[in-house]
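Every position in the sequence shown, counted from 1, becomes a number in our numbering once 16 is added.
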Amino acid sequence: MNAPRHEHRAKSSAQDRDRIRLACAFWDGLKSLGVAPSAVLHRANMPAALYSGESMATTAQYFAIWRAVRELVGDPTVGWKFVNGLESSQFHPTLLAALHARTFRDSIERLARYKRLCCSQEFHLIPAADGEVRVEVAFPLLAGEPVPELLTDSAFALVMELGRRGTKTPLRARRVELIRPAEPGNSFEDYFGCPVLYGAARDGLILPACDLELPYLTHNEELLHMLSSQFEHQLESEAQKPGILAQVRWVLKRLLAGSRPDLVMVARELGMSDRTLQRRITDAGSTFRRLLSETRHELARQYLGDESNEIVEAAFLVGFEDPNSFYRAFRSWEGTTPAEWRAARRNTSASSLQPIVKVS
């Protein structure tokens with residue numbers, strides 16, 4: 017049984033954003049580690065437009081880029097070194113808001129809230145036992161796919177860097193838990209300042225809960241208010257955008273006239289992979305075939321309702337080259353033929369215009 021529509025709608029805020037602009041700081045960070053952007057894109061089989069900023073990456077492409085970096089470099093420490101080498105001046109504005117927060121906890125919470133404006137990455141702050149808190153990272157658009165190891169490392173390192181730079185103290189994690197097996201020469205213990213547990217059930221960065229209450233010496237209330245106001249406005253605007261099903265219907269209406277749009281065509285129009293679009297439609301409780309049929313049905317009623325449109329023309333406008341196929345589809349929708357539907361509608365309209373005779 018399908019879940020209620022409002023439950024599917026609640027998922028849409030994270031799922032309606034699958035575009036990641038790879039900023040200059042990202043590529044500069046790789047260059048500083050001796051990684052050529054052109055080599056990464058070639059290895060990942062990605063277009064050069066991702067480097068120039070002319071195009072935005074999907075989450076799947078973002079994963080492929082990080083995997084390519086790992087294959088090219090062979091250094092398991094690149095993930096945390098990448099973040100450690102970034103200057104605060106290179107931070108994205110959402111990270112600046114986290115850096116100028118009031119406390120370490122406030123910083124992580126702002127990171128979790130505003131990161132969604134850049135990509136589908138989510139940070140989860142989970143209370144744990146023994147005075148600990150756990151940080152986990154998720155990419156809901158690719159929930160069934162393993163997160164690249166370097167991307168996990170860079171996310172955990174980002175939390176540590178924000179805490180260390182904000183408090184001006186060499187904070188140490190309680191421990192790091194990683195799904196992967198141990199690898200020689202990774203030096204995670206040195207960077208995070210704690211034991212690392214390999215072969216864990218989930219990736220996680222475990223912090224002392226008391227550290228989260230440490231104040232930030234980088235706190236700037238005026239700048240924080242300015243940035244937060246802007247981001248909250250963006251989040252509100254994002255929340256008001258139509259969900260994925262409405263977006264697909266809108267694209268289908270544009271593409272239908274004289275053509276048979278498929279999943280690949282619609283995904284391209286929405287700037288995402290067909291695999292991602294298929295997953296998001298499924299998560300929203302529908303199928304592409306159903307959306308296509310519903311959109312055709314809606315448009316068919318609209319075009320047939322206009323008496324100036326011939327039935328053959330209406331068939332063409334909803335993507336049927338063969339009128340007979342349109343007749344069969346329309347009968348499955350309405351239980352009657354287009355001509356009979358139009359005649360019944362005409363009779364109904366005429367009846368509604370008849371004067372009502374009041375008998376005294």
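Note that beta-carbon positions come from the ideal geometry of N, C-alpha and C, so glycine has one too.
All of these numbers come straight from a predicted model, not from anything done at the bench.
- DSSP places Leu102 outside both helix and strand once states are collapsed to three, so it counts as coil.
- Residue pairing by DSSP places Gly220 opposite Glu193 in a beta bridge.
- For Tyr214, the three-state secondary structure derived from DSSP is strand.
- When the beta-carbon positions are compared, Arg312 and Val280 stay at least 8 Å from each other.
- Arg312 sits in a helix when the DSSP states are folded into three classes.
- For the options Arg86, Met62, His116, the alpha carbon positioned closest to that of Leu233 is the one of His116.
- Looking at the DSSP output, Ile142 shares a beta bridge with Arg150.
- For the set Ala330, Arg196, His108, the Cα lying nearest the Cα of Leu272 is the one of Ala330.
- Residue state for Ala173 is assigned as helix, using DSSP reduced to three classes.
- In the structure shown, Thr74 falls within a coil segment according to DSSP collapsed to helix, strand and coil.
- DSSP, reduced to helix, strand and coil, places Thr168 within a helical segment of the structure shown.
- With a beta-carbon spacing of about 4 Å, Arg190 and Ile222 fall inside the 8 Å limit used to define contacts.
- Under the three-state reduction of DSSP output, Pro53 falls in the helix class.
- Here DSSP, grouped into helix, strand and coil, assigns Thr119 to strand.
- Boundaries of the alpha helix (DSSP H) around Gly45: 40 to 48.
- In the three-state reduction of the DSSP assignment, Pro339 falls in the helix class, which pools H, G and I.
- Excluding five sequence positions before and after Leu178, the CB atoms of its chain that fall closer than 8 Å to its own CB belong to Leu111, Ala114, Leu115, Phe120, Ser123, Ile124, Leu127, given in chain order.
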